[in-house]
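If you use mature numbering (1 follows the signal peptide of the UniProt record, and there is no 0), the sequence shown corresponds to residues -25 to -1, 1 to 833, in order. All remarks here apply to the structure that follows.
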Amino acid sequence: MVIAPRLRICAAVVASVLATGFAGAGTLSIDASAPTPAPLNAALRLGTATAPNGATLGANARYLTRNGAPWLPVMGEFHYSRTPASQWEAELRKMKAAGIDIVASYVMWNHHEEVEGKFDWSGNRDLRHFIELAGKAGLDVVVRVGPWAHAEVRFGGFPDWVVNAMPTRSNDPQYMRFVERLYGQIGQQLKGQLWKDGGHVIGIQLENEYNIDGPGKGAEHIAALKKLALKAGMDVPYYTVTGWDGTIYPSGEVTPVFGGYPDEPWGVSTKELPPKETYAFRFDTRVSGDLGAQTAAHAPGTAETDKEVTPFLGAEYGAGLPFMYRRRTVVSADDIASMLPVQLGSGVNLMGYYMFHGGRNPLSLGGTGMEESSLSGGYNDTTMISYDFQAPLGPDGQQRKVLEKLRPFHLFTRAFGSRLAPMTVRKPDVSPDKPDDLTTARFAVRSEGERGFLFVNNHVRQYPMATQNATQFNVKLPGQSITLPSKPVDIANGAYFIWPLNLDLDGTNLHYATAQPLTLLDQGKAGLVAVFGANAGVPVELSFDAGAHVTAAGGTQVTTSGGHTLVTGVQPGAGAAVTVQRDGKRPLIIVVLTAEQSQQLSVVQLAGQQRLLLSADQAYVDGNALQLRSVGDSKFRFAIYPALANAPKATTTGAAWNTKPAAKAAAAPSNAGAYAAVDASTATVALRAAGNDGIFQAFEATLPAHEIKATVTQTRSAQEAAPVVIGGSAKAAIQPAPENFKAAGAWQINVPREQLKGLDDALLQIDFVGDIGRLYAGTRMLDDWYYSGYQWQFGLRQQAALLDQPLTVSVLPLRADAPIYLPKEARPDFGGAKQMATVRSVTVIPVYQLSVKISINP
């Protein structure tokens, strides 16, 4: 009943695009001339918001504040209990380098109290240590204390003994006694780590996706949870609840946070979905479609009625998507990154991602799974171990393309977020009425007075948007109108960007730019460097107020007309494109990077000052060392500005690959990496000066290349798989029962340990076609994967002790008649066969690490 109307909508959408192909946009207008009202004082009862050093956090009805100034941070989810503790410090530093300001994490109750009364806060469950490392990396922390989390974990995080013995998610006295004990345990973990103590825990989220009403439920229950949190010592500036799907909470006690995903893997359709509203600017509601809540709402929630008195904060904008058994959605980097201008342009003042870092589920004490499953009454079937989520940082810390696409927007919010946060959303004269309108231009402005930013999105997942032909934007501001660019341009399908309007650059007014602001670098008397990123296919223009003394690079044209100085013909690159000399003031230097360079840019603190870094390699800072990580390529290159006064020195560190006896490792019940590599070897590396990339000082290094050859031998042929059953609470395809895995084929994999010496890690990449793949060492499952066409990788470093014995991958056949959703490009050609189970290849990808130490003193 649901699928047929969706199919009709999709067909109409496709027909519309095929019929038009291009939209003659002309001039797109938006009136942003109305005064920006002062933000209301939010009626929020915050916790203690002043740190011992006098630093303060706050909030009004529009935005968060830090030390009294507007604050627009970026938050990323990273589950400590799904990642080996030995990886935490490096992974948190990678998140910081990617532009994350706040790390959020669930506390999953059944990861800590699987057996009633026996709490485990050790090893990979050491919440206190995780928070300490986050602070060391320069990250603030939001702890999502539940007690119900969802998180695709068994019973939403409730221990079995809780579910079996009592009602949950209400003020039932027995349940609340155990919640109070859990909160008391969490409070002890957070003691001394709170903002008021000089620590980095700034927020607590209560419950999750809560829209249950009735006696002892609803707002009454959330209020009771907050009281228990305070009783446990969790006194923090911010208390949040998830705000979608009719959430119910006590107004003023907590702040709602929102989210949006580019698809619905929790859905039941086996077809492509209609265009998601996540890609359309929102001018009314803050709730972005179906976010997969496990309970049904019956009326608009508190978040809707509180819209005018709470800031628009995000917590779960999908930085990827999980694979569910029945629906295996694969998203591209552009599918994710194009949501950024939409959310920011819709008024979001905290950009929060779920998930930013992938992970793997720990096994239970008995060695069984703790994942959400229809076998345990869950709505979804998920993999037993893998929680990859297609996240920007994979479970083994590998950087995905989506991180590179997101980073320019994170640089923007860090440099310009304090200006954007007070700005209000302005609606265009004409905007799409529905998400499936693929021809009308999608744009918005946020402005305050005469200053603002223009947000444009012409990307919708799986659907081509019409090219906006011969387009100009006209933005009416108080006392003026800005038309940009000076000549019409085509905005292609897939384009998305942010352009500034009347941007103050150290006292010089940039009237507009047809390039995205990325960051600012203050060099004192030497001047201010403003970095922009070009948009593919759009000529770069910089328009200044008349009177600016502009010096431009060769090939550019500078003209003055109508009270403005216009610079055209700017060629993107790493050189100084434009310099503005100001009487009695330091120079303003503008650098316009190519789109590719923008994705390689980060801002790092090195040798006593902030610097710009360009590198295609994964990069983060650890003390006075720049850490570079490369997957598959032993050649490193990075460029830095300002230039270093002293020549840097480089070393490489290889993991130890012979740490523990295989028998002991294989017997361990947890797959979370307790046997991490130690006693790593370090070698000096020749670091070569490689001239300049424009204003950037470049360096190169090459490590010895490793060619790793894994042998693969089929040891068991696949048998006929049982038909996929329709059932469960979703009444859709459910994961095969455990006994059905007897039909799986098996392949033995041997990876010689000696080939891995000198490497930081090695990623086992398994290319298979089937239904479900599982990786074993002996009988111990290490990882598992639903076939989707998305590449399955597994880091060997954390399991080095297991390499003395062969690994085994088993593949359950995928039936041709399986009623599941697979992306079109991943659907195999069965050639008339009833099923398919094959391992096409197994490769081992070397991971190289280069440590560049930079001295401040000669």
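In this text, a Cβ means the ideal position worked out from N, Cα and C, and glycines have one as well.
**Q.** Three-way DSSP call (helix, strand, coil) for residue 300 in this model
**A.** In the structure shown, residue 300 sits in coil (DSSP, three-state: anything other than H, G, I, E or B).
Q) Hey, does residue 416 have any beta-carbon neighbour from chain D nearer than 8 Å? A) Reference to chain D is not applicable here, since this structure consists of a single protein chain.
Q. Between the beta-carbon of residue 374 and the beta-carbon of residue 62, is there less than 8 Å?
A. Contact flag unset, no.
Q) Unbroken alpha helix (DSSP H) runs of length 4 or more, entirely within the stretch 152 to 220: which are they? A) For the stretch 152 to 220, whole alpha helix (DSSP H) runs of length 4 or above, ordered along the chain, are 193 to 206.
(Q) On the criterion of 16 or more Cβ atoms from any shown chain inside 10 Å, does residue 283 qualify as buried, or is it exposed? (A) Burial call: exposed.
Q) What runs of the beta strand (DSSP E), each 3 residues or longer, lie entirely inside the stretch 83 to 161? A) DSSP runs (the beta strand (DSSP E)) wholly in the stretch 83 to 161: 115 to 121.
**Q.** Rounded C-alpha distance that separates residue 324 from residue 47
**A.** The straight-line gap from Cα to Cα measures roughly 5 Å.
(Q) Taking the alpha carbon of residue 340 as the reference point, which residue from 495, 135, 745, 624 has its own alpha carbon closest? (A) The option with the nearest alpha carbon to residue 340 is 135.
(Q) Out of 117, 480, 239, 403, which one is the CA nearest neighbour of residue 436? (A) Checking every option, the nearest Cα to that of residue 436 belongs to 239.
Q: Output the distance between the C-alpha atoms of residue 815 and residue 752, rounded to the nearest integer angstrom.
A: Between the alpha carbons of residue 815 and residue 752 lies a distance of about 20 Å.
Q) Hey, residue 418 and residue 400: beta-carbon distance below 8 Å or not? A) No, the pair does not count as a contact, with Cβ atoms beyond the cut-off.
Q. Going by DSSP, which residues form a beta bridge with residue 449?
A. Looking at the DSSP assignment, residue 449 forms a beta bridge with 4, 458.
Q.
Let me make sure I understand the geometry here. Which of 754, 774, 820, 726 has the alpha-carbon closest to that of residue 767?
A. Considering only 754, 774, 820, 726, the residue with the shortest C-alpha distance to residue 767 is 820.
Q) Does the Cβ-Cβ distance between residue 276 and residue 322 come in under 8 Å? A) In this structure, residue 276 keeps its C-beta atom at 8 Å or more from the C-beta atom of residue 322.
Q: Could you spell out the range, first to last residue, of the beta strand (DSSP E) harbouring residue 906?
A: Within the shown structure, residues of the chain are numbered from -25 to 833, placing residue 906 beyond reach of any answer.
Q: Could you check which residue in 685, 696, 729 has the C-alpha nearest to that of residue 783?
A: Nearest of 685, 696, 729 to residue 783, Cα basis: 685.
Q) Would you call the CB atoms of residue 485 and residue 478 closer than 8 Å? A) Contact flag set, yes.
Q.
With the cut-off set at 8 Å, would you say residue 123 and residue 182 are in Cβ contact?
A. Pairing residue 123 with residue 182 gives a Cβ-Cβ distance under 8 Å.
Q. Hey, out of 449, 293, 302, whose CA is closest to residue 378's CA?
A. Checking every option, the nearest Cα to that of residue 378 belongs to 293.
Q.
One question on the structure: do residue 146 and residue 204 come within less than 8 Å of each other, judged by their Cβ atoms?
A. In this structure, residue 204 does not lie closer than 8 Å to residue 146 by Cβ.
Q: Return the CA-CA distance between residue 51 and residue 295, expressed in angstroms with no decimal places.
A: Between residue 51 and residue 295, the C-alpha separation is close to 12 Å.
Q: Report the three-state DSSP secondary structure of residue 646 (helix, strand or coil).
A: Any reading at residue 646 is ruled out, since the residue's pLDDT is 43, under 50, leaving its predicted position unreliable.
Q: Just tell me which of 573, 197, 126 has its CA closest to the CA of residue 836.
A: With the chain covering -25 to 833 only, the question about residue 836 has no answer from this structure.
(Q) Once the 5 residues before and after residue 828 are set aside, which same chain residues still bring their CB inside 7 Å of it? (A) 599, 600, 623, 624, listed in sequence order.
(Q) For residue 612, tell me which candidate among 560, 665, 536 has the shortest Cα-Cα distance. (A) Among 560, 665, 536, the Cα nearest to that of residue 612 is on 665.
Q) What is the DSSP secondary structure of residue 824, counted as helix, strand or coil? A) In the three-state reduction of the DSSP assignment, residue 824 falls in the strand class, which pools E and B.
Q) Which parts of the stretch 527 to 580 are runs of the beta strand (DSSP E), unbroken and 3 residues or longer, counting only runs that do not cross its ends? A) Segments of the beta strand (DSSP E) lying fully in the stretch 527 to 580: 532 to 536, 539 to 545, 551 to 556, 563 to 568.
Q: Tell me whether residue 692 is buried or exposed, calling it buried when 16 or more other Cβ atoms sit within 10 Å of its Cβ.
A: Looking at its Cβ environment, which holds fewer than 16 other Cβ atoms inside 10 Å, residue 692 is exposed.
**Q.** Straight-line gap, residue 812 to residue 332 (C-alpha atoms, nearest Å)
**A.** The straight-line gap from Cα to Cα measures roughly 30 Å.
Q) In whole angstroms, what separates the C-alpha of residue 223 from that of residue 215? A) Our two residues, residue 223 and residue 215, have alpha carbons roughly 12 Å apart in a direct line.
Q: Would you kindly check if the distance between the Cβ of residue 17 and the Cβ of residue 849 is under 8 Å?
A: No answer is possible for residue 849: it lies beyond the span of the chain, which begins at -25 and ends at 833.
(Q) With a threshold of 6 Å on Cβ separation, who are the neighbours of residue 287 within its own chain once the five nearest residues in sequence on each side are excluded? (A) Contacts found: 261, 322, 323, 324.
(Q) With three or more beta-carbon pairs closer than 8 Å as the criterion, would you say the stretch 346 to 362 touches the stretch 536 to 554? (A) No: the two stretches stay apart, fewer than three of their Cβ pairs being nearer than 8 Å.
Q. Candidates 39, 557, 99, 516: which alpha carbon is nearest residue 54's?
A. The residue with the shortest Cα to Cα distance from residue 54 is 99.
**Q.** Delimiting residues of the beta strand (DSSP E) encompassing residue 319
**A.** No beta strand (DSSP E) contains residue 319, which is instead part of the alpha helix (DSSP H) from 314 to 320.
Q) When burial is assigned at 16 or more other CB atoms within 10 Å of the CB, is residue 201 buried or exposed? A) Classification for residue 201: buried.
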